[in-house]
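Novice: In order, the protein sequence lines correspond to chains A and B. Residue numbering for the first sequence follows my numbering, beginning at 2 and increasing consecutively. Residue numbering for the second sequence follows my numbering, beginning at 2 and increasing consecutively. So that we are looking at the same thing, I have put the structure below in structure tokens.
Number of protein chains: 2
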Amino acid sequence: MSSIGILGGTGPAGRGVAIRLASAGYHVVLGSRDGDRAAQVAETLSPRGDGTIAGGSNEKAASCDIVVVATPWDSAVATVKEFKSLLANKIVISMVNALAKEGRELVPLYPPRGSMAAQIAFALPESQVVGAFHHLPANQMENLDSGLEADVVIFGDNDAARTQVAELVSAMPGLTAIVAGSMSLASAVEAFTAVCISINIRHKAHSYVKLAGLAH
Amino acid sequence: MSSIGILGGTGPAGRGVAIRLASAGYHVVLGSRDGDRAAQVAETLSPRGDGTIAGGSNEKAASCDIVVVATPWDSAVATVKEFKSLLANKIVISMVNALAKEGRELVPLYPPRGSMAAQIAFALPESQVVGAFHHLPANQMENLDSGLEADVVIFGDNDAARTQVAELVSAMPGLTAIVAGSMSLASAVEAFTAVCISINIRHKAHSYVKLAGLAH
């Protein structure tokens, strides 16, 4: 089974993806600027099945076969640039959303290239950047008994990479992959996260996106 | 029951909203630049219940109590400007998405103020502009037997207007209103329509957005 590294993986978003990747059989490296802290966090996570979660440095995470970017949006580009050569010729999955709190709601921010995935792709010209995991509720992701059945919208310009990520996502418990299209859709997918979270704040809910009427 | 006018209502999107508004008991004026054409289209629509659909000019539609903007995106601002005084002190619902076809997919376009709803609000400073009806599949909207059960994301800066639109939407068969928040979310809601349609083109489906895990 492939190894999957998660840059900035110790936050709620990274932990949720880690536990469901490991429960699909993958060997996950939960990366952090502070490798000791990542090791401590990894020990608190109990995936099911044959996969594993080990904590380590972001460098160790970047050395895996596939790498997920789960850092805060404003450190994502700096982090991937630091490991540019390790990430070359690999699939890099961006789950980063640029969001800001504005009163009771979260609002989307648009980086110069329209989306964080496009910023990351620009910083990593030798990697295949694919977007996924944007709209997922972190705490339900982390709890394998939450009953989550979410659709994951996937986009990117490399068809083979997109397909490989879709297979990986659909192997994770509770998730169904839906390939939407190219990087031209990145801003729309990322920004919609602000809508999901704002709805959850306003309605005190943990909702997530399902696309009804799609044969899976 | 209030009267509701639909500017540019003879296209698939306008027809679908018209038939479900009329089926909720509203008196709908399907507006068009060509009033005779609108009258012909209105005759083809068979709502259920006590509501009615009459065709007419866009001016007649703009004279209703509440007005929906369903024109193509690139004529929306010109159309509402033409009826600015008729639309003053009214709720104006924007269902407009700025989208472009790019190969096999639809991609979002971002107008200068970020969204079509914001463009319309700027053109109509004396109206209460609310966004709704963006992600709905037009042909399933028009067919009352399609089994549609879609969530409608609603946004706007005027709380009372937003609440009134939410009540109106939830009265329509097959639709549930979800208030997301302010106009700061407009670009994200509108742009996500491109993702929905691109998914439908790619997967030959008629999917629509549901927010799972939300108590309705």
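Just so it is clear, CB atoms sit at the ideal spot from N, CA and C, and this is done for glycine as well. Owing to the predicted nature of the structure, the values given are computational and were not obtained by experimental measurement.
1. Between the C-alpha atoms of valine 78(A) and phenylalanine 193(A), what's the straight-line distance to the nearest angstrom?
2. Determine which residues share a DSSP beta bridge with isoleucine 106(B) and list them.
3. By Cβ distance below 8 Å, which residues in the same chain neighbour isoleucine 200(B) in space, the five residues on each side in sequence not counted?
4. Applying a beta-carbon distance threshold of less than 8 Å, which residues of chain A neighbour arginine 203(B)?
5. For the alpha helix (DSSP H) holding glycine 12(B), just list the boundary residues, first then last.
6. Restricting to Cα atoms, I'd like to know which of Leu169(A), Gln165(A), Asn98(A) is closest to valine 190(A).
7. Let me confirm a value: phenylalanine 123(B) is counted as buried when at least 16 other C-beta atoms fall within 10 Å, else exposed. Which label applies?
8. In chain A, what lies closer than 8 Å to tyrosine 209(B) by C-beta?
9. Report yes or no: is there a C-beta of chain A within less than 8 Å of the C-beta of serine 200(B)?
10. Buried or exposed: which applies to glutamine 41(A), given that a residue is buried once 16 or more other Cβ atoms fall within 10 Å of its Cβ?
11. Report the neighbours of glutamate 150(A) on chain B: residues whose CB is nearer than 8 Å to its CB, in chain order.
12. Grouping DSSP H, G and I as helix and E and B as strand, with all else coil, what is lysine 82(A)?
13. Given that a residue counts as buried once 16 or more other Cβ atoms are within 10 Å of its Cβ, and exposed if not, what is leucine 66(A)?
14. Less than 8 Å between the CB atoms is what I'm expecting for arginine 21(A) and methionine 142(A), so what's the real figure, rounded?
15. Whole-angstrom Cβ separation of leucine 8(B) and asparagine 59(B), contact assumed at under 8 Å?
16. Alpha carbon to alpha carbon, how far is methionine 173(B) from glutamate 44(A)?
17. Can you find a C-beta in chain A that's less than 8 Å from the C-beta of glutamate 83(B)?
18. For leucine 215(A), which residues from the same chain have a beta carbon less than 7 Å from its beta carbon, with the 5 sequence-adjacent residues on both sides left out?
19. Please return the same chain residues whose Cβ sits closer than 7 Å to the Cβ of leucine 212(B), not counting the five positions on each side in sequence.
20. Determine, for valine 108(A), whether the minimum Cβ-Cβ distance to residues of chain B falls below 8 Å.
21. If you drop the 5 nearest sequence neighbours on each side, which residues of the same chain put their C-beta closer than 7 Å to that of serine 3(A)?
22. Hey, out of Arg114(A), Leu176(A), Gly182(A), whose CA is closest to alanine 162(A)'s CA?
23. Along the beta strand (DSSP E) that carries aspartate 152(A), what are the first and last residues, could you check?
24. Measure the CB-CB distance between threonine 53(A) and valine 29(A) and report whether it falls below 8 Å.
25. Distance check for proline 73(B) and leucine 31(B), CA to CA, integer angstroms please.
26. Kindly list, in the order they appear in chain B, the residues whose Cβ is closer than 7 Å to that of glutamate 103(A).
27. Leaving out five residues on either side along the sequence, give the residues of the same chain with a beta carbon under 8 Å from the beta carbon of threonine 177(A).
28. Please name the residue or residues paired with threonine 53(A) in a DSSP beta bridge.
29. Taking the straight line between their C-alpha atoms, what separation do you get for isoleucine 94(B) and valine 130(B)?
30. Residues of chain B with a CB under 9 Å from the CB of alanine 63(A): which are they?
31. Is there a Cβ from chain A that is less than 8 Å from the Cβ of phenylalanine 123(B)?
32. Between the Cα of cysteine 197(A) and those of Leu100(B), Ala195(B), Leu186(B), Ile202(B), spot the shortest distance and give me the residue it belongs to.
Specialist: On the basis of the supplied data:
1. 21 Å
2. A quick correction: the sequence has glutamate, not isoleucine, at residue 106(B). DSSP, once it has assigned bridges, lists Glu103(B) as partnering glutamate 106(B).
3. Ala206, Ser208
4. Val180, Ala181, Gly182
5. Run containing glycine 12(B): none; DSSP gives neither H nor E here.
6. Asn98(A)
7. exposed
8. Leu212, Ala213, Gly214
9. Residue identity differs from the one stated: residue 200(B) is isoleucine in this sequence, not serine. For isoleucine 200(B), the answer is yes, since a Cβ of chain A falls inside 8 Å of its Cβ.
10. exposed
11. Ala213
12. helix
13. Note that residue 66(A) corresponds to aspartate in the displayed sequence, not to leucine. Exposed.
14. 6 Å
15. 5 Å
16. 50 Å
17. no
18. Ile179
19. Asp152, Ile179
20. yes
21. Tyr27, Asp66, Ile67
22. Gly182(A)
23. 151-157
24. yes
25. 15 Å
26. Ser185
27. Glu150, Ala151, Asp152, Val153, Val170, Ser171, His217
28. His28(A)
29. 6 Å
30. Those do not exist, as alanine 63(A) stays about 29 Å from chain B at its closest Cβ, beyond 9 Å.
31. no
32. Leu186(B)
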